[in-house]
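J.:
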C-alpha cells in the first residue's frame, strides 16, 4: 500500500519538480548557487532560495557518506569471507558491532569522501559521467539477475528446503506481503504518517528539492525535452527500487527478520540470504559492490553540486573546490559517525533517535519539500522566471513535452499539496509528544513556509 502511494507521488510531484530543476539548471547553465540570480527578474529575491540548496547538499552528505561507508564495509566483509557459514545471530551482531566502533566507521566514511571527490576531480565527462554510467549499468544488470534468481529460489518448495527458514516462516508470504496492499495496517499506522513518508521518499529517491538534479540540468545539452528525460529517469529509478524489493522483502520472511527494521534491513537480510546460496560469497560481494556503486553515484552527484558552489560563488578552480570541500565534508560527517557510539546518549528526536535521524529529518522532511516548493513557484509565478520561459526551456528538443495545460496544476495544486502534506507530517510526527512540543515544531514549520512565500512574493521594482 505504501508503494502505491509512493508511485502516485512520483507521478504528481516527483516528475514535475525534476522538470523544474532541470529547466532552471539548463536555462541558467549554473548550479543552484547562481541559477536564481541568472534567471530572476531584477528587484526580486528568488536568489535567497539558494540557501536551501547549499545547506541541503552539505547536510545530506553529513550522513549519507556514513551510510555509504556501511555499504563499502559490508562489501569488504563479503570479499574477505566473514559471513561464510555464519549464523543469523552473528550477522545481526556484526551490524551492531560496526556501529559501536567509531574508528571503523570513520575510516569507511573518509574512504567514501575520497572516492567521491576523486571522481569529481576528473571532471564531468571523464569522471562523473563515464564512471557513474558504467557503475549504474552494472548494478542494473545485476539487480535484474538477482531479483529473478532469488524470487524463484525463495518461492519454490525446493528453496524452502535449502534455505531452512526460521520458525517455519514461508518466504512466499514475503512476496504476498510485498505485492498485495494491506490498507488495514495502513490505517493503523496513520494515513498522514504514511502519506508524508511516501512524499518524502519520492523526493529523496529522485534527489529533488536541493538542487542536486539542477546541476545536471546545467550540463544537459539542448535537443532533448526535459519532461521526457525526467520521465525516463523516474521510470528507471523506480524499476530498480521495485526489483530490489523482490530481493529483500521475501528474504525477510525466509529468515525471520521483521520487514520494518528500517535502514539496517539490507545489512541484516542480504548477508543471511547469500550465506544460504551456492556461491553466496561471490554473489554477496557483487551485490554490495554494485550497491556501493549506487550509493556512490548519489555521493558523486551531490559532491559535484557542492564543488560547483565554490566555483560559482568564489571563482575557485575545480582543484581548489575539491580540496576545500573534501576536508569540510569529512569534518561535517564526524558527528553522524559518533552519534552511534560516543555520542549515542544524544537523542534529539526522542528515545532511540540519533544524530543521523536529526540530519535526515532536516533534509528529508524539510529541505527537500521546501526546496521543491521554491523551484515550482519560481518556474510558474509571474514575478519569477515565469511559465512561458519555463515551458519553452522544458520542451526545447525531441521527446515528450510538458503539456501547457498543467500550468494551473503546477501553480496552485502542486504547492498546496506540498504544504498540506508538509504540515500534516509535522502534526503526526510530534502530536504524540504533547501539545507544547507540537506547537513549537508547528511554529518552526510555519516560519519555514513564511520564508518561502515572503521571498516568492517580492515583486519587481
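In our numbering, the protein residues as written are 165 to 625. Cβ atoms here follow ideal geometry from the backbone N, Cα and C, with glycine treated the same way.
(1) Which one of 194, 245, 353, 409 has the shortest CA to CA distance from residue 593?
(2) Taking all protein chains shown into account, decide if residue 478 is buried (16 or more other Cβ within 10 angstroms of its Cβ) or exposed.
(3) Could you pull out every unbroken alpha helix (DSSP H) segment of at least 4 residues lying fully inside the segment 221 to 273, listed in chain order?
(4) What are the partner residues of residue 562, as DSSP defines its beta bridges?
(5) Along the chain, where does the alpha helix (DSSP H) containing residue 445 start, and where does it finish?
(6) For residue 512, count neighbouring C-beta atoms within 10 Å of its own C-beta (all shown protein chains included) and say buried if the count is 16 or more, exposed if not.
(7) CB-CB under 7 Å to residue 321, same chain, minus the five flanking residues each way: which ones, in chain order?
(8) For a test of the three-state rule: what should DSSP assign to residue 579, helix, strand or coil?
(9) Thinking C-alpha only, which one of 286, 235, 573 is nearest residue 481?
(10) Since residue 682 is in the alpha helix (DSSP H), which residue starts that stretch and which ends it?
(11) Looking only at its chain, what residues have a beta carbon closer than 7 Å to the beta carbon of residue 473, apart from the 5 residues adjacent to it on each side?
(12) What is the DSSP secondary structure of residue 172, counted as helix, strand or coil?
(13) Measure the alpha-carbon distance for residue 233 versus residue 268 and round it to whole angstroms.
(14) Taking only the alpha-carbon atoms, compute the straight-line gap between residue 407 and residue 311 and give it to the nearest angstrom.
(15) Considering only the alpha carbon of each residue, which of 469, 617, 601, 378 lies closest to residue 223?
(16) Given a threshold of 16 other Cβ atoms within 10 Å of its Cβ, counted over all protein chains shown, does residue 340 qualify as buried or as exposed?
(17) For residue 346, does the three-state DSSP call read helix, strand or coil?
(18) Can you give, in chain order, each stretch of the alpha helix (DSSP H) that sits fully within the segment 487 to 573 and has at least 4 residues?
(19) Looking at the structure shown, is residue 286 part of a helix, part of a strand, or coil, going by DSSP?
(20) Here's the rule: buried if 16 or more other CB atoms are within 10 angstroms of the residue's CB, otherwise exposed. What is residue 597?
(21) Apart from the five residues just before and just after residue 543, which ones in its own chain have a Cβ nearer than 6 Å to its Cβ?
(22) Below 8 Å on the Cβ atoms is my contact criterion, and I expect residue 583 with residue 613 to pass it. Report the Cβ-Cβ distance as a whole number of Å.
(23) Leaving aside the five residues before and after residue 274 along the sequence, list all residues of the same chain whose C-beta is less than 7 Å from its C-beta, in chain order.
(24) Please classify residue 327 as buried or exposed, where buried requires at least 16 other C-beta atoms within 10 Å of its C-beta.
(25) Buried or exposed: residue 619, going by 16 or more other Cβ atoms within 10 Å of its Cβ?
(26) Residue 467 and residue 302: beta carbons closer than 8 Å?
(27) Report yes if the C-beta distance between residue 266 and residue 501 is below 8 Å; otherwise report no.
(28) Could you please give the first and the last residue of the uninterrupted alpha helix (DSSP H) stretch that includes residue 186?
(29) Take residue 602 and list the residues in its own chain whose beta-carbon comes closer than 6 Å to its own, dropping the five residues that flank it on each side.
(30) Look up residue 374 in the DSSP assignment and say whether it is helix, strand or coil.
(31) With H, G and I counted as helix, E and B as strand and the rest as coil, what does DSSP make of residue 322?
(32) Please state whether DSSP places residue 195 in a helix, a strand or coil.
(33) In the DSSP assignment, the alpha helix (DSSP H) including residue 422 goes from what residue to what residue?
(34) How far does the alpha helix (DSSP H) with residue 435 in it extend, from its first residue to its last?
(35) Below 7 Å CB to CB, which residues in the same chain sit around residue 568 once its five sequence neighbours on both sides are set aside?
T.: If we stick to the structure as given:
(1) Nearest C-alpha to residue 593 among 194, 245, 353, 409: 353.
(2) Burial call: exposed.
(3) With a minimum length of 4 residues, the continuous alpha helix (DSSP H) runs that stay inside the segment 221 to 273 are 252 to 264.
(4) 388.
(5) Where residue 445 is concerned, the enclosing alpha helix (DSSP H) starts and stops at 444 to 478.
(6) So residue 512 ends up on the exposed side.
(7) With a pLDDT of only 43 at residue 321, under the threshold of 50, the placement of this residue in the model should not be trusted; the figure read from the coordinates follows. Closer than 7 Å at Cβ, skipping near neighbours: no residue.
(8) It is helical.
(9) Per the Cα distances, 286.
(10) As displayed, the chain neither begins before 165 nor continues past 625, which places residue 682 out of reach and without an answer.
(11) Here the set comprises 195, 197, 218.
(12) Residue 172 falls in the helix class under three-state DSSP.
(13) Cα to Cα, the separation comes out at about 9 Å.
(14) Cα to Cα, the separation comes out at about 6 Å.
(15) Nearest option by C-alpha distance: 469.
(16) Residue environment: residue 340 is assigned as exposed (fewer than 16 neighbouring CB atoms within 10 Å of its CB, all protein chains considered).
(17) When DSSP states are grouped into helix, strand and coil, residue 346 belongs to the coil group.
(18) Contiguous alpha helix (DSSP H) elements confined to the segment 487 to 573 occur at 519 to 526, 532 to 544, 551 to 558, taking only those with 4 or more residues.
(19) Shown here, residue 286 sits in coil according to DSSP, grouped into three states, outside any helix or strand.
(20) Exposed.
(21) So the qualifying residues of the chain are 184, 549, 554.
(22) At roughly 6 Å, the Cβ-Cβ gap stays under 8 Å, so residue 583 and residue 613 are in contact.
(23) Only 494 meet the Cβ criterion.
(24) Reliability of the predicted coordinates at residue 327 is poor, the pLDDT of 48 falling under 50, and the value obtained from them is presented with this limitation in mind. With 16 or more other Cβ atoms within 10 Å, it is buried.
(25) When all chains shown are included, residue 619 counts as buried.
(26) No, Cβ-Cβ distance for residue 467 and residue 302 is not below 8 Å.
(27) Yes, Cβ-Cβ distance for residue 266 and residue 501 is below 8 Å.
(28) That run of the alpha helix (DSSP H) goes 179 to 192.
(29) Contacts found: 594, 595.
(30) Residue state, collapsed to three classes: coil.
(31) The predicted model places residue 322 with a pLDDT of 38, which falls under 50 and marks its position as unreliable; any figure quoted below should be read in that light. The three-state secondary structure of residue 322, taken from DSSP, is helix.
(32) Looking at residue 195 - three-state DSSP - the assignment turns out to be coil, as it is neither helix nor strand.
(33) That residue, residue 422, is in no alpha helix (DSSP H); it is neither H nor E in DSSP.
(34) Note, residue 435: alpha helix (DSSP H), 429 to 440.
(35) Around residue 568, the same chain offers 555 as residues with beta carbons nearer than 7 Å, after the five sequence neighbours per side are excluded.
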